[in-house]
Amino acid sequence: MKASPVEQKELLRLQALDIRLQQVEHQTKALPQHAELKELAATADKTRMTLGTRAGAAEDIRIELHRIESDVDVVEKRIARDSDRVQHTSSVKDVQALETELVALRKRLLALEEIEIAVMERLEEAETAVAEVEAERDAIAVRVADAEKARDLSLDDLNRQLGELRRDRAAIAGSITDDLAALYEKRLVSGRGNAAALLRARTCSGCTITLTGSDLDAVRSSPADEVLFCPDCGAILVRTEESGI
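Listed below in structure tokens is the structure:
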């Protein structure tokens, strides 16, 4: 294939842009916030599970406390009822029976009140444990928001760079012939990003092999508009005044 030396030099600019594009695209995927947010998401999941467990335990204690409070209310009402009956009955037998029942009810009330206090203390501890996890959850949410903000700012800048690089690439690609552009694109794929390389001091800048012997003679004898390839990496070998041939 034939291409003017000027067009061939444009391939070096195209290659430099493609390398930079690869670097910036890699940066968008390798931002530290990506890993941080992934770690925070895992931590947030664990925190949610812990919060659910502790909140469930606290709710169970509230139900238990409500039941005990209901029992206390029932006993207090029975004590009030029997005390009133003692005041209004003239039967000695009934009074004795009621007083016996009142003694039992007051013991039962005392026991329930002790249990109630113990359950209230357990509830306070459980609610404190829930509050601690809620604080952790809120702190994680703040860290997530900060990381997302930093990520988005970085991505905005990187995407701006990508847009500029792609515009420059399109302009350069549009300045060379379709055949040369197609050859470059084919080499870009088969060469895994290494499509064009400067021959500097008889050394390919793509793979760093130094041309000697027949390979060097072939380059020296080729017309300036002949498109050559590196015998080692296959990149389009661009000759300039730096080539040393």
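Counting along the sequence shown from 1, when you hit position 109 you're at 109 in UniProt numbering, and nothing is skipped either side.
Beta carbons: idealized from backbone N, C-alpha and C, even for Gly.
Sequence-distant residues of its chain with Cβ nearer than 7 Å to residue i (five each side left out)
i: P231; result: D215
i: V133; result: T47, T50, L51, R54
i: L12; result: A196, L198, V238
i: G206; result: N194, A197, C230, C233, A235
i: Y184; result: L11, L14, A195, A196, I236
Of the listed residues the options, nearest to residue i (C-alpha basis)
i: F229; options: G191, A201, S70; result: G191
i: T210; options: E226, I115, C233; result: C233
i: D71; options: A42, R106, E59, A97; result: R106
i: A41; options: V142, I117, E113; result: V142
i: A235; options: A218, E242, G213, T208; result: T208
i: Q8; options: T128, D217, V24, L180; result: L180
i: I117; options: R62, S83, A104; result: R62
i: I19; options: R166, E39, K93, E121; result: R166
i: V86; options: A182, I79, V95, D225; result: V95
Identified DSSP bridge partners for residue i
i: E226; result: K2
i: C204; result: L199
i: I236; result: A196, F229
i: T210; result: T203
Cβ separation of residue i and residue j, assumed to be a contact under 8 Å, to the nearest whole Å
i: L14; j: R220; result: About 25 Å; that fails the 8 Å criterion.
i: L17; j: L162; result: Going by Cβ atoms, the distance from L17 to L162 rounds to 11 Å, so no, they are not a contact pair.
i: V189; j: A3; result: Incorrect: roughly 19 Å between the Cβ atoms, too far for contact.
i: L110; j: A58; result: Actually they do not touch by this definition, with Cβ atoms about 27 Å apart.
i: I176; j: T43; result: Between T43 and I176 the Cβ distance is about 52 Å, and since that is not below 8 Å, they are no contact.
i: L65; j: V130; result: That pair is no contact at about 15 Å.
i: Q33; j: A147; result: 5 Å
i: R137; j: L37; result: Going by Cβ atoms, the distance from R137 to L37 rounds to 16 Å, so no, they are not a contact pair.
i: V24; j: L158; result: 6 Å
i: E101; j: D84; result: With 8 Å as the limit, E101 and D84 do not qualify as a contact, their Cβ atoms being about 13 Å apart.
Reduced DSSP category for residue i - H, G, I as helix; E, B as strand; rest coil
i: A80; result: helix
i: R137; result: helix
i: S91; result: coil
i: G163; result: helix
i: A30; result: coil
i: I172; result: helix
i: G56; result: helix
i: S154; result: helix
i: T47; result: helix
Close Cβ partners of residue i (< 8 Å) along its chain, the five nearest in sequence each way excluded
i: L155; result: T28, L31
i: E76; result: L109
i: D45; result: none
8 Å Cβ cutoff, residue i in contact with chain D
i: A181; result: Here there is only one protein chain, and chain D is not present.
Beta-carbon contacts of residue i that lie in its chain and below 6 Å, excluding the five residues immediately before and after
i: A201; result: G244
i: C204; result: A197, C230
i: I79; result: L105
The ligand MN heavy atom lying under 7 Å from the CB of residue i
i: G244; result: Among the components modelled here there is no ligand, and therefore nothing to report on the ligand MN.
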